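**Student:** If you count the sequence shown from 1, position 20 lands on 24 in our numbering, and the numbers rise without skipping.
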Amino acid sequence: YSSQVRIQNLVEKLFNDVISSALHYVNGKLILKMDPEEVEERLLCTIQIFQRLRKTYERFAHGQRYGAMKQDEKNPLAWPVKDELVFNLPDQFVERCYDMIDLA
5 YSSQVRIQNL
15 VEKLFNDVIS
25 SALHYVNGKL
35 ILKMDPEEVE
45 ERLLCTIQIF
55 QRLRKTYERF
65 AHGQRYGAMK
75 QDEKNPLAWP
85 VKDELVFNLP
95 DQFVERCYDM
105 IDLA
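1) Within the continuous alpha helix (DSSP H) that includes ASN13, where are the two ends?
2) CB-CB under 7 Å to GLN8, same chain, minus the five flanking residues each way: which ones, in chain order?
3) Helix, strand or coil, according to DSSP, for ASP103 in the structure here?
4) Should THR60 go down as buried or exposed, given a rule of 16 or more other Cβ atoms within 10 Å for buried?
5) Specify, as a first and last residue, the run of the alpha helix (DSSP H) that VAL90 falls within.
6) Between the Cα of PHE54 and those of TYR29, VAL30, PHE19 and GLU88, spot the shortest distance and give me the residue it belongs to.
7) Roughly how many angstroms lie between the CA atoms of LEU14 and GLY32, to the nearest whole one?
8) Classify ARG46 as buried or exposed, calling it buried when 16 or more other Cβ atoms lie within 10 Å of its own Cβ.
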């Protein structure tokens with residue numbers, strides 16, 4: 005996994021698995037039968053999981069796992085991956101969760 009494409013594919017697959025698991029927790033048929041407060045709680049929990057996932061990813065992807073670096077210092081531990089590419093689907097999923105909260 006020393007190339008940008010391989011790391012990006014691995015991270016995207018991981019995020020897709022997390023989205024798949026989240027869909028089991030907040031699937032459409034289930035939440036239509038639930039109490040609105042419980043739906044909101046589940047959606048907020050799901051959003052929080054994705055926020056933590058993003059923070060963890062950023063810490064590792066930007067090479068900050070072994071301590072803070074100076075801003076002008078070149079970071080040899082950073083992953084050569086574009087964040088906006090790997091977070092495309094997770095960000096869309098989180099936006100849909102926010103939309104569902106607005107509807108609940």
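Using N, Cα and C, we set each Cβ at its ideal position, and we do this for glycine too. Values in this document were obtained by computation on a predicted structure and should not be read as measured data.
**Tutor:** In short, the structure shows the following:
1) Taking the first residue of the sequence shown as position 1, residue 13 is located at position 9. Per DSSP, ASN13 belongs to the alpha helix (DSSP H) from 8-29.
2) Reading the sequence shown from its first residue, position 4 is the one you call residue 8. Non-local C-beta neighbours of GLN8 in its own chain, meaning closer than 7 Å and more than five positions away in sequence, comprise PRO84 and VAL85, ordered along the chain.
3) The residue given as residue 103 occupies position 99 in the sequence shown. Secondary structure of ASP103 (DSSP, three-state): helix.
4) Numbered from its first residue, the sequence shown carries residue 60 at position 56. THR60 comes out exposed.
5) Here residue 90 refers to the residue found at position 86 of the sequence shown. 87-90 is the extent of the alpha helix (DSSP H) around VAL90.
6) Translated into positions along the sequence shown, residue 54 becomes position 50. Closest by alpha carbon: PHE19.
7) Along the sequence shown, one-based indexing puts residue 14 at 10. Along the sequence shown, one-based indexing puts residue 32 at 28. Taken atom to atom, the span from the alpha-carbon of LEU14 to that of GLY32 is near 28 Å.
8) Stepping through the sequence shown from its first residue, residue 46 is reached at position 42. So ARG46 counts as buried.
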